[in-house]
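So in my numbering the end of the sequence shown lands on 502, straight run, no missing numbers. Glycine included, every Cβ here is placed at the ideal spot set by N, Cα and C. First up is the structure itself, then whatever we jot down about it.
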Amino acid sequence: MTEGVADRYGVMGYPVSHSRSPVIHRLFAAQTGQNIQYELLQVAPDKLEQAVLQFGRTGGKGLNITVPHKSEVVRLVDELSEQASNAGAVNTLQFLDGKIFGYNTDGIGFMRDLQSNQGMQLKNANILILGAGGATRGIIGPLLEAEPHSIVIANRTFPKASGLADHFASQGPVTACRFQDVRSLPVYDLVINATSAGVKGETPPYPAAAIHPQTVCYDMSYGLTPTPFSHWAAERGAAKSVMGWGMLVEQAAESFYIWRGVRPDTAAVLKQLTINAS
Ligand code: ATR
Numbered sequence: 225m226t227e228g229v230a231d232r233y234g235v236m237g238y239p240v241s242h243s244r245s246p247v248i249h250r251l252f253a254a255q256t257g258q259n260i261q262y263e264l265l266q267v268a269p270d271k272l273e274q275a276v277l278q279f280g281r282t283g284g285k286g287l288n289i290t291v292p293h294k295s296e297v298v299r300l301v302d303e304l305s306e307q308a309s310n311a312g313a314v315n316t317l318q319f320l321d322g323k324i325f326g327y328n329t330d331g332i333g334f335m336r337d338l339q340s341n342q343g344m345q346l347k348n349a350n351i352l353i354l355g356a357g358g359a360t361r362g363i364i365g366p367l368l369e370a371e372p373h374s375i376v377i378a379n380r381t382f383p384k385a386s387g388l389a390d391h392f393a394s395q396g397p398v399t400a401c402r403f404q405d406v407r408s409l410p411v412y413d414l415v416i417n418a419t420s421a422g423v424k425g426e427t428p429p430y431p432a433a434a435i436h437p438q439t440v441c442y443d444m445s446y447g448l449t450p451t452p453f454s455h456w457a458a459e460r461g462a463a464k465s466v467m468g469w470g471m472l473v474e475q476a477a478e479s480f481y482i483w484r485g486v487r488p489d490t491a492a493v494l495k496q497l498t499i500n501a502s
């Protein structure tokens with residue numbers, strides 16, 4: 225049993241009521257015997273600075289930062305991790321010794337889910353990423369570290385994709401194209417949906433040429449039922465169509481590790497979460 229005053233954590237977003245982070249962190253805490261409380265904190269963009277500083281000043285130990293604050297919060301941080309700097313975004317804050325430390329665990333969470341949970345081999349793989357926003361920016365660095373053969377970023381708005389490709393070109397083989405210019409070669413081993421279309425209830429003309437029988441499709445978003453992208457990919461005969469539940473739990477586990485120095489068992493929590501969700 226844990227005793228004493230619980231350390232305070234929370235997730236800040238706008239809106240935030242849909243966030244599963246409180247459930248996940250409470251499950252981690254119960255599993256590892258950590259004495260924490262974890263709150264949902266709805267904070268409008270113009271109140272972000274005040275809310276973050278106040279949380280730290282009043283003894284809060286750590287925050288998860290979610291949409292739409294991940295980029296904006298960077299300027300409030302005293303020390304930024306390399307991953308956060310690369311991603312241009314922070315999803316985890318730690319308040320320690322009067323300082324604010326900023327991390328980004330999204331990339332690590334994504335890679336753990338792909339490589340450990342899904343057993344994907346990324347070395348020499350051909351990868352297509354749909355979308356060129358913050359979600360894409362956060363995963364390109366970690367994906368390049370796995371030494372793929374190629375990464376193509378396809379986006380509705382081409383200049384955003386080419387801007388990202390230029391930004392990462394010195395780190396590895398990244399190029400850009402429009403959705404309609406995606407071809408059936410190279411044969412893609414992995415197609416990642418990093419657009420926010422599904423979340424907004426929209427279904428863009430995803431490029432059917434990208435899907436081969438051996439292609440694994442990964443939707444960074446997730447839902448109680450198949451997302452439009454994962455449904456689309458399965459219908460087109462992808463080898464596997466995965467939603468981002470695993471990424472969600474793995475990024476949370478990495479935040480929990482930063483804060484508490486303890487690694488939770490993610491498989492157990494993932495199972496509990498998706499059973500509860502369905
Ligand atoms: P995030 O930070 O969550 O990635 P974002 O920066 O707003 O959010 O980026 C959203 C991405 O989803 C963008 O690549 C966007 O395409 P555009 O750059 O053309 O706007 C993509 N997106 C959102 N809705 C879309 C839709 N209906 N069709 C195609 N792409 C869409």
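C-beta contact flag for residue i and residue j at 8 angstroms
i           : j           : result
residue 392 : residue 417 : no
residue 239 : residue 278 : no
residue 288 : residue 479 : yes
residue 283 : residue 298 : no
residue 475 : residue 330 : yes
residue 466 : residue 441 : yes
residue 412 : residue 451 : no
residue 434 : residue 388 : no
residue 425 : residue 446 : no
residue 482 : residue 327 : yes
residue 332 : residue 372 : no
residue 374 : residue 351 : yes
residue 460 : residue 421 : no
residue 234 : residue 294 : no
residue 347 : residue 370 : yes
Where the alpha helix (DSSP H) through residue i begins and ends
i           : result
residue 258 : That residue, residue 258, is in no alpha helix (DSSP H); it is neither H nor E in DSSP.
residue 335 : 330-336
residue 310 : 306-311
residue 384 : 382-392
residue 484 : 469-484
Span of the beta strand (DSSP E) around residue i
i           : result
residue 357 : From DSSP, residue 357 is part of no beta strand (DSSP E); its letter is neither H nor E.
residue 378 : 374-379
residue 323 : 323-327
residue 317 : 316-320
residue 400 : 398-402
Exposed unless 16 or more other CB atoms sit within 10 angstroms - verdict on residue i
i           : result
residue 353 : buried
residue 502 : Confidence in residue 502 is poor, its pLDDT being 46 and thus under 50, which makes the residue's placement unreliable; the coordinate value appears in the next sentence. Exposed, by the Cβ-count rule.
residue 243 : buried
residue 229 : exposed
residue 395 : exposed
residue 429 : exposed
residue 269 : exposed
residue 259 : exposed
residue 307 : buried
residue 323 : exposed
residue 254 : exposed
residue 448 : exposed
Cβ separation of residue i and residue j, assumed to be a contact under 8 angstroms, to the nearest whole Å
i           : j           : result
residue 471 : residue 382 : In fact, because the Cβ distance is near 27 angstroms, the residues do not count as touching under 8 angstroms.
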